[in-house]
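Residue numbers (full-length UniProt numbering), protein chains in the order written: chain X, 1 to 398; chain D, 1 to 398. Presented below is the structure to which this report refers.
Number of protein chains: 2
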Amino acid sequence: MTSPQRAPGGFPVVGIIGGGQLARMCAGPAAELSLTLSVLAEAPDAAAAQVIPSAPVGDHTDIDAVLAFAAECDVVTFDHEHVPPHVLDALVAKGVPLHPSPDALHFAQDKLAMRERLTTIGVACPSWERAVDAAEVAAFGDRIGWPVVAKTPRGGYDGKGVRVIDSADDVADWLEQVGRPGALADGVLLEEKVDFVRELAVLIARSPSNQAAAWPVVETVQTDGICTEVLAPAPDLDPDLAAVATAAGLRIAEELGVTGVFAVEMFEVRDPATGAAAYVVNELAMRPHNSGHWSMDGAVTGQFEQHLRAVLDLPLGAPTPREPHTVMANVLGGDYPELYPAYRHIMARDPGLKVHLYGKAVRPGRKIGHVTVSGGDLAELRERAGHAADYLAGVITE
Amino acid sequence: MTSPQRAPGGFPVVGIIGGGQLARMCAGPAAELSLTLSVLAEAPDAAAAQVIPSAPVGDHTDIDAVLAFAAECDVVTFDHEHVPPHVLDALVAKGVPLHPSPDALHFAQDKLAMRERLTTIGVACPSWERAVDAAEVAAFGDRIGWPVVAKTPRGGYDGKGVRVIDSADDVADWLEQVGRPGALADGVLLEEKVDFVRELAVLIARSPSNQAAAWPVVETVQTDGICTEVLAPAPDLDPDLAAVATAAGLRIAEELGVTGVFAVEMFEVRDPATGAAAYVVNELAMRPHNSGHWSMDGAVTGQFEQHLRAVLDLPLGAPTPREPHTVMANVLGGDYPELYPAYRHIMARDPGLKVHLYGKAVRPGRKIGHVTVSGGDLAELRERAGHAADYLAGVITE
């Protein structure tokens, strides 16, 4: 393994476990800040390995590979939340500074632990319960009302590991796995199906010194369980709700000891009695997050730069938006593998578009990139970003 | 030599000859656009080689090394203007698409050729003449008025190869080299010492299809012949002069066949009779240029992204500024080699600052980075950018 090349002047090496698009998008900010990245990549052609010189291939579940990788880094962070606890523990035992820490990551890796902890500290959550058998599932549904949202406590993402169920029969296969090692060892997480107005996300960076910075609350739009569009800031958001939601995000970050960039996905709800706007927390993500991609172009400090600053305990940058609105649209793979001609077309159609692609082969429905546009007219920006994403996906042809 | 790794989907490889900071600053935009870079670097630790996976070491004057490098690239461009004509010719003979072309580059490499060509096409220049002996130098000075600016036609940059002279004696050593191979083979370039109001720069991108985009005209501030500060756009610039200067830049780009990003350094002068603002062209640079670094943070499309789009004949992005003012200050090396503590300090002092460092060892007076700040209050922005640059250089200590 070639050692990562450190920049002269006392600059550190940041290790990232996982070579996906989140690691890849750290490359530009790291180069500008004279920080060296080293990525433990899944394959030589992983998204991040294409653009970062130090990208040894290794398995994030292999303790020896991870320890050898970390030995060359001053601090280690993550492209994803899937590093197993025993590997995290081995890193801590070796004295490797990990951000976020295993204690914090636990709450992103285990949704039951997350619900318990958030409930303890008084953060608004949907009604929830742990169920280990069909009788408990039925009792929760009968009490809260069907349908119910069932989740595997571990291992889910982008809508995977989530079902909307009408009876215990719909999770019979999951209940069989309760008590066995794996995503369902401790049971199934059941949640009230929230009658929400829209989905919001709070994005925060927190450093080991407890400096924190919050971007404006954004609206996220999901299609089939996958985020497809983000509006930054969330349009027409009640200022009181924005303040309360941001405060909740900051509180969670501090209580859970999160370091680095941290996203709280929320539902915006209406109080049935008063009609007042409120939030309940849906999910946590302890890493740069799709809901923050807009900030690369739309804020003074983008989330990838901020994450690097946070994990190194450098002073945080201003999260201030640069323009009244930024719209981000995810680009999903379509049927046609040659993206380059489509990319020329969207660049020609819209010179103000910011295109971000992840170096991934096209597969239908796979997140392969995103686009952003910034300006003053939200409806126009949504049309422009949506058009570009649809055109790249092959959903439209002109 | 490992081949550069191409992104799936039909995306090209852009080769850059030279591994300095200009190549380095292409890394972020290339990653976002899914373009692969390959850099022919001076050394394994060259600025760009630190951040770009494909960075074979080779000499830009070695035909074999350059041809082997170019064979792996779809298009080749430059970090600097120092590739010798016979090497450029060898690339052209092999059918390598070069941007800018050798014919265009000639006018950036040879200041006598540039003055002749600009004069032919009617672009405003200082009074100038070629001198091959002391008598010709004396005659020019006596006619135009002393002092006179003397330049080596080739090989100068950042104030090197430029003298302000009071008599032919001041270039006696240069005159001895006239007629011998080298920077002074064809003589000394003599120019009127322009009584200028300030210095301006026009930055343009032009594609092989003749699409062109111009950023707003900027003011550049030089200290000891080195650019230290750029104000974008040039404050209080006469709109007629802005239009005329931009038109001149676009005309030069087209007449000289320049492709890629192109900078025209100008003097702003006053017509002695009418007092009207006018320009005369000082220098040309056929590559991304220090006067355009502000655009990385301050414009919708930064110059490095635009350069990549231009050399690939992709549609150009919008050069629109994001905020009323952006100030760029160059960071020069000071006496203290450890930059990291100073960098922490300036980040803490100013969360709105954008810091760009080039991975270069500190040497007194060496350009090692730049900072930008954007906003509405020009005087405040100049103070902030200047403070950060001075602090990093060790000129001030608080």
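Positions of the beta carbon are idealized from the N, C-alpha and C atoms, including for glycine.
Check	Outcome
X:ALA104 vs X:LEU256 beta-carbon contact at 8 Å	yes
Contact set between D:GLU323 and chain X, taken where Cβ atoms lie within less than 8 Å	ARG322
N-terminal and C-terminal residue of the beta strand (DSSP E) that X:SER38 is part of	36-40
Bounding residues of the beta strand (DSSP E) (the contiguous stretch that carries D:GLU129)	128-131
Cβ of D:PRO85 within 8 Å of any chain X Cβ	no
Test item: CB-CB of D:ARG24 and D:VAL51 under 8 Å	yes
Members of the stretch 310-340 of chain D that neighbour chain X once the beta carbon cut-off is set at 8 Å	LEU314, PRO315, LEU316, GLY317, ALA318, THR320, ARG322, GLU323, PRO337, GLU338, LEU339 and TYR340
Distance, D:LEU231 Cα to D:MET286 Cα	21 Å
Close Cβ partners of X:ARG6 (< 8 Å) along its chain, the five nearest in sequence each way excluded	PRO12, VAL13 and THR36
Beta-carbon separation (whole angstroms), X:GLY9 vs X:CYS73, contact threshold 8 Å	Their Cβ separation, rounded to whole angstroms, is 18 Å, which puts X:GLY9 and X:CYS73 out of contact at 8 Å.
Local Cβ density within 10 Å of D:ASP110, reported as buried at 16 or more and exposed below that	buried
Cβ of D:ARG344 within 8 Å of any chain X Cβ	yes
Cross-chain neighbours of X:VAL300 in chain D, by beta carbon under 7 Å	GLY352
Range covered by the alpha helix (DSSP H) that runs through D:GLY28	27-33
Pairwise C-alpha distance: D:LYS354 and X:MET1	Here X:MET1 scores only 49 on pLDDT, less than 50, and its place in the model is too uncertain to base an answer on.
D:PRO100 and D:VAL258 closer than 8 Å at C-beta	yes
Contact check, D:VAL76 vs D:ILE17, beta carbons under 8 Å	yes
Cβ pair D:LEU308, D:ALA30 closer than 8 Å	yes
Chain X contacts made by the stretch 27-45 of chain D, where a contact means CB separation under 8 Å	ALA27, GLY28, PRO29, ALA30, ALA31, GLU32, LEU33, SER34, THR36, PRO44 and ASP45
Three or more C-beta pairs below 8 Å linking the stretch 340-354 of chain D and the stretch 260-269 of chain D	no
Residue-level contact to chain X via CB, D:VAL51, 8 Å cutoff	yes
According to DSSP, residues forming a beta bridge with D:ASN330	D:HIS370
Touching by the beta-carbon criterion (3+ pairs, under 8 Å), the stretch 377-385 of chain X and the stretch 355-367 of chain X	no
Backbone CA spacing between D:HIS325 and D:ASN290 [nearest angstrom]	17 Å
One or two residues paired with X:THR77 in a DSSP bridge	X:ILE16
Chain D residues whose Cβ lies nearer than 7 Å to that of X:PHE11	TYR340
Proximity below 8 Å, CB of X:ALA131 to CB of X:VAL137	yes
Whole-angstrom C-beta distance between X:ILE121 and X:ARG206, which should lie under 8 Å	The pair is not a contact, with the Cβ atoms about 15 Å apart (cut-off 8 Å).
Contact with chain D by X:ARG115, beta-carbon distance below 8 Å	no
Contact set for D:ILE144: own chain, Cβ-Cβ below 6 Å, skip 5 residues either direction	SER127 and GLU192
Residues in the stretch 98-109 of chain X having any Cβ partner in chain D nearer than 8 Å	none
Per-residue DSSP class, three states only, for D:GLU255	helix
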